[in-house]
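Q:
Protein chains: 2
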Amino acid sequence: MYAVIMAGGKGTRFWPRSREKMPKHLLDILNDKTIIRQTVDRITPLIPPERILIVTASSHVDVLFEQVPDIPRENILIEPVGRNTAPCIGLAALHLRRRAPGAVMVVLPADHSIEKGDRFRHILAAAAETARKEACLVTVGIVPTGPETGYGYLEKGERVGQVLGEDVYKVRSFREKPKIEQAEAFLRQGGYLWNSGMFVWKASVILDAIALHLPRVYDRLRDIEDALDTPEEPTVLDRAYRSMEPISIDYGVMEKSKHVLVLGGDFGWSDVGSWDALWEITAKNDKGNAFRGEGPFVDIDTRNSLIISPKKLVALVGVEDLVVVETGDALLICRRGNSQTVKRVVETIEAEKWTEYL
Amino acid sequence: MYAVIMAGGKGTRFWPRSREKMPKHLLDILNDKTIIRQTVDRITPLIPPERILIVTASSHVDVLFEQVPDIPRENILIEPVGRNTAPCIGLAALHLRRRAPGAVMVVLPADHSIEKGDRFRHILAAAAETARKEACLVTVGIVPTGPETGYGYLEKGERVGQVLGEDVYKVRSFREKPKIEQAEAFLRQGGYLWNSGMFVWKASVILDAIALHLPRVYDRLRDIEDALDTPEEPTVLDRAYRSMEPISIDYGVMEKSKHVLVLGGDFGWSDVGSWDALWEITAKNDKGNAFRGEGPFVDIDTRNSLIISPKKLVALVGVEDLVVVETGDALLICRRGNSQTVKRVVETIEAEKWTEYL
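Protein chains in written order, with the numbering used here: chain F, 1 to 358; chain E, 1 to 358.
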């Protein structure tokens, strides 16, 4: 049993904390550990560091080495350019098929928040057991806690059995991020789960599925496989990646496959996809204000705000629903609920070529 | 003709820019000059630096020397403790009566904003001419531009004549800061002016008025006068000040005097008494946002806000009516219209003994 952590994200939605050189999973925005460090720590009781692979971009590899020194360097796979999740997962599967034929791989995003680690590991163990027995694609869907419109959904089909006490279902359909009315209908009807981006399968099974549904991606992966551990490996890897089209594993494989199973996850999951989401999961005072910083904090007639300022005294007067993030060179103040708009700030910075702030 | 600039203010309402050691008049919050520098520059075409006196607190005197090196040091009078405007004006009048018997003194707050310098100086010249001819107290009232509740008002009485083309009126009554309905009534009725805190009179006349209406203050001033230029001067000054009750010239003298004349001032005056007032008089972009800083500024769906951040890139998304002030050690975010509440922040800081932020 291996873990593959996908750490290729850019995280522009966490600007100004996240930067080109410092994406979300390398930040300590959840607590005093960085998110990738938490992700590794969360999985190690189930899978030891020598069987954890991390796929990342070359621009982040040095910081990554510092943050997870317990992961062997040969387990860190570097993508020359980002091509979404299908090539990323395919690359890791290649390496694993060679290293341990028949290995089950647990694919995890680098940057999620999970409250109940024990429950999380139990579900993953059950999913791995399912994937070991059945030559099929397994995913973990999150039991919804509200009509979220920021997540994709999947519809449960027939229950196929129970593994380690957990029900396993067929997936009937995948659904794009819904509008609010649709999301409310999903919750009312029941039988829908959030798409978490967590997958469990044998390396050989996902590679066969890629070969079937994404043959051009698979051809490039074969080029890479042929060059592994040869002097040509870097050149071939680079050329292969640049010629692949970016495509997600969900869209490219999962939605097309007829043999997807799902287990429901109820372990306090959040994808922490925005400052808004961070406010939701952060401890707040009795006025709903969450302050992260070492300086004093004064809130007068102020409610439901998130404030991140490492050192300064921060005083808020008569405001509500604000996200305030201060760094050494930038200050963001955003209405809570608008934090998806932060990417427009990053686009403006790109357009104006204020590159030191990217 | 002499000028006396009262520079004893604390300016807690401009926290976090204003601090105990750096009150409002020593800050460059209006433009690239500090406010006291502007006040001195505004008056010098009428009154040269050697005839400008500044009354200040000992804790600010070093910065003041740096900011107005053209004012002779012997013209800077230091109050041991603040005792409001009556003792301050009395102290300056003592010095002037000795230095230039019969001198007319123009009393100016240190920290006002005035758009039309020429017009301002013309009104002061007319007020000084009035004070020279008549042994009376002269004040400059501001022609109201709206029903402000943050200023005191004075009611014009009988017109007594014209000096340098300016109408001069008796003052019928002084009015405390009104509620909004009252302020609106003042504007509707006409004949009301804002109390600007600018006064013009002979030194001997105001000292006689203090002797009449504030005899205990006058006694202490006489103690100081007797000790001037003796080795006891510092000790006597200190003792006299500490034993004086704090009282304003308005409440202690002007409101009790029957011989107050007033000229109307229409020179774009503001007392810049709060961050709100600063937003009012600062140049704004087409969304009503005023940004003071060297870094880039991004405003998306953001309106009618004031942002002061010396160096950082500042990005505002989906907010309105905010006052944002960042300094090296503090960050204030306040709803515009609430900026009087900033003093509650300072009170909290005092109560918590976070003295480095005062």
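Glycine included, every Cβ here is placed at the ideal spot set by N, Cα and C.
1) Does any residue of chain F bring its CB to less than 8 Å from the CB of residue 303 of chain E?
2) Can you give me the C-alpha to C-alpha distance between residue 356 of chain E and residue 333 of chain F, rounded to a whole angstrom?
3) Using the C-alpha atoms, what's the distance from residue 293 of chain F back to residue 359 of chain F?
4) Taking C-beta pairs closer than 7 Å, name the residues in chain F that residue 352 of chain E reaches, listed in chain order.
5) Counting along the chain, where does the alpha helix (DSSP H) carrying residue 272 of chain E start and finish?
6) Would a check of beta-carbon distances place residue 326 of chain E closer than 8 Å to chain F?
7) Would you give the residue range spanned by the alpha helix (DSSP H) that residue 182 of chain E belongs to?
8) Count the other CB atoms within 10 Å of the CB of residue 79 of chain F; is the residue buried (16 or more) or exposed (fewer)?
9) Classify residue 87 of chain E as helix, strand or coil using the three-state DSSP reduction.
10) Spatial neighbours of residue 72 of chain F within its chain, please: CB distance less than 8 Å, with the 5 preceding and 5 following residues excluded, ordered by chain position.
11) Can you tell me whether DSSP reads residue 299 of chain E as helix, strand or coil?
12) Would you kindly report the start and end of the unbroken beta strand (DSSP E) that includes residue 139 of chain F?
13) Taking DSSP as the reference, what is the three-state secondary structure of residue 215 of chain F?
14) Helix, strand or coil for residue 46 of chain E per DSSP?
15) Using DSSP with H/G/I as helix, E/B as strand and the rest coil, what is residue 99 of chain E?
16) Could you tell me the alpha carbon to alpha carbon distance between residue 189 of chain F and residue 29 of chain E, rounded to whole angstroms?
17) Taking the continuous beta strand (DSSP E) assigned at residue 308 of chain E, which residues delimit it?
18) Tell me the DSSP secondary structure of residue 195 of chain F in three-state form.
19) Would a check of beta-carbon distances place residue 335 of chain F closer than 8 Å to chain E?
20) Can you name the residues that DSSP bridges to residue 174 of chain E?
21) The alpha helix (DSSP H) with residue 260 of chain E in it runs from where to where?
22) Would you check if the distance between the CB atom of residue 366 of chain F and the CB atom of residue 139 of chain F is smaller than 8 Å?
23) Between the region 211 to 227 of chain E and the region 153 to 160 of chain E, can you find at least three pairs of beta-carbon atoms closer than 8 Å?
24) Indicate whether at least one CB of chain F lies closer than 8 Å to the CB of residue 348 of chain E.
25) Are the region 293 to 304 of chain F and the region 299 to 317 of chain E touching, with three or more C-beta to C-beta distances below 8 Å?
26) Just to make sure I have the definition right: I need the residues of chain E whose C-beta is within less than 7 Å of the C-beta of residue 300 of chain F. Which are they?
27) Please list, in chain order, all residues of the same chain as residue 360 of chain E whose beta carbon is under 8 Å from its beta carbon, the five residues on each side excluded.
28) Run through chain F and tell me which residues come within less than 7 Å of residue 316 of chain E, C-beta to C-beta.
29) At 7 Å on the CB atoms, spell out the chain E contacts of residue 312 of chain F, in chain order.
30) Which of the three DSSP states, helix, strand or coil, is assigned to residue 164 of chain F?
31) So the beta strand (DSSP E) residue 53 of chain E belongs to, where does it begin and stop?
32) With a cut-off of 8 Å on the beta carbons, I'd call residue 135 of chain F and residue 202 of chain F a contact; round off their distance for me.
33) Applying a beta-carbon distance threshold of less than 8 Å, which residues of chain F neighbour residue 414 of chain E?
34) Just confirm the distance between the C-beta atoms of residue 16 of chain F and residue 330 of chain F, as a whole number of angstroms; I'd bet it's less than 8 Å.
35) Along the beta strand (DSSP E) that carries residue 2 of chain E, what are the first and last residues, could you check?
36) Are the CB atoms of residue 96 of chain F and residue 2 of chain F within a distance shorter than 8 Å?
A: Let me lay it out:
1) Here residue 303 of chain E refers to the residue found at position 303 of the second sequence. It does not: the Cβ of residue 303 of chain E has no partner Cβ on chain F nearer than 8 Å.
2) Reading the second sequence from its first residue, position 356 is the one you call residue 356 of chain E. Reading the first sequence from its first residue, position 333 is the one you call residue 333 of chain F. Each residue's alpha carbon lies about 25 Å from the other.
3) With chain F covering only 1 through 358, there is no way to say anything about residue 359 of chain F.
4) Here residue 352 of chain E refers to the residue found at position 352 of the second sequence. Within 7 Å Cβ-Cβ: 296.
5) Taking the second sequence and counting its residues from 1, the one referred to as residue 272 of chain E is at position 272. From DSSP, residue 272 of chain E is part of no alpha helix (DSSP H); its letter is neither H nor E.
6) Counted from its first residue, the second sequence places residue 326 of chain E at position 326. Chain F, which has a Cβ nearer than 8 Å to the Cβ of residue 326 of chain E, makes this yes.
7) Mapped onto the second sequence, residue 182 of chain E falls at position 182. Unbroken alpha helix (DSSP H) run through residue 182 of chain E: 180 to 189.
8) Taking the first residue of the first sequence as 1, we reach residue 79 of chain F at position 79. Burial call: buried.
9) If you number the second sequence from 1, residue 87 of chain E lands on position 87. It is helical.
10) Counting from 1 along the first sequence, the entry for residue 72 of chain F is found at position 72. If we look at residue 72 of chain F and ignore the five residues flanking it on each side, its Cβ neighbours are 49 and 50.
11) Here residue 299 of chain E refers to the residue found at position 299 when the second sequence is read from its first residue. Strand.
12) Walking along the first sequence from the start, residue 139 of chain F turns up at place 139. Element bounds for residue 139 of chain F: 137 to 142.
13) As a first step, residue 215 of chain F is located in the first sequence; it is residue number 215 there, counting from the start. It is helical.
14) To locate residue 46 of chain E, count along the second sequence from 1; it is residue 46. Looking at residue 46 of chain E - three-state DSSP - the assignment turns out to be coil, as it is neither helix nor strand.
15) Here residue 99 of chain E refers to the residue found at position 99 of the second sequence. In the structure shown, residue 99 of chain E sits in a helix (DSSP, three-state: H, G or I).
16) On the first sequence, position 189 is the one that residue 189 of chain F refers to. On the second sequence, position 29 is the one that residue 29 of chain E refers to. So the two alpha carbons sit approximately 59 Å from each other.
17) The residue labelled residue 308 of chain E in the question sits at position 308 within the second sequence. Segment 306 to 308, the beta strand (DSSP E) holding residue 308 of chain E.
18) As a first step, residue 195 of chain F is located in the first sequence; it is residue number 195 there, counting from the start. Residue 195 of chain F: strand per DSSP, three-state reduction.
19) By 1-based counting over the first sequence, the position of residue 335 of chain F is 335. Residue 335 of chain F has a beta carbon lying within less than 8 Å of a beta carbon in chain E.
20) If you number the second sequence from 1, residue 174 of chain E lands on position 174. DSSP output for residue 174 of chain E lists E/154 as bridge partner(s).
21) Numbered from 1 along the second sequence, position 260 holds the residue referred to as residue 260 of chain E. Where residue 260 of chain E is concerned, there is no enclosing alpha helix (DSSP H), although the beta strand (DSSP E) it sits in stretches over 260 to 265.
22) The shown model of chain F, from 1 to 358, leaves out residue 366 of chain F, and the question about it has no answer.
23) Contact between the region 153 to 160 of chain E and the region 211 to 227 of chain E is absent, because fewer than three Cβ pairs lie under 8 Å.
24) One-based indexing of the second sequence puts residue 348 of chain E at position 348. Judged by the 8 Å Cβ criterion, residue 348 of chain E is in contact with chain F.
25) no
26) Here residue 300 of chain F refers to the residue found at position 300 when the first sequence is read from its first residue. Simply 341, 344 and 345.
27) Limits of chain E in this structure are 1 at one end and 358 at the other, which puts residue 360 of chain E out of reach.
28) As a first step, residue 316 of chain E must be located in the second sequence, where it is residue number 316. Residues of chain F passing the Cβ test: 333.
29) Locating residue 312 of chain F in the first sequence gives position 312, where the first residue counts as 1. Within chain E, the residues near residue 312 of chain F are 329, 330 and 331.
30) Within the first sequence, the letter at position 164 stands for residue 164 of chain F. Coil.
31) Looking up residue 53 of chain E in the second sequence gives position 53. Here the beta strand (DSSP E) through residue 53 of chain E covers 52 to 57.
32) Taking the first sequence and counting its residues from 1, one reaches residue 135 of chain F at position 135. Taking the first sequence and counting its residues from 1, one reaches residue 202 of chain F at position 202. About 7 Å; that satisfies the 8 Å criterion.
33) There is no way to answer for residue 414 of chain E, as the model of chain E reaches only from 1 to 358.
34) As a position in the first sequence, residue 16 of chain F is number 16, starting the count at 1. As a position in the first sequence, residue 330 of chain F is number 330, starting the count at 1. Their Cβ separation, rounded to whole angstroms, is 4 Å, which keeps residue 16 of chain F and residue 330 of chain F in contact under 8 Å.
35) Start at 1 with the first residue of the second sequence, and residue 2 of chain E comes out as number 2. Per DSSP, residue 2 of chain E is one residue of the beta strand (DSSP E) stretching across 2 to 7.
36) By 1-based counting over the first sequence, the position of residue 2 of chain F is 2. By 1-based counting over the first sequence, the position of residue 96 of chain F is 96. Cβ distance < 8 Å, so residue 2 of chain F and residue 96 of chain F count as in contact.
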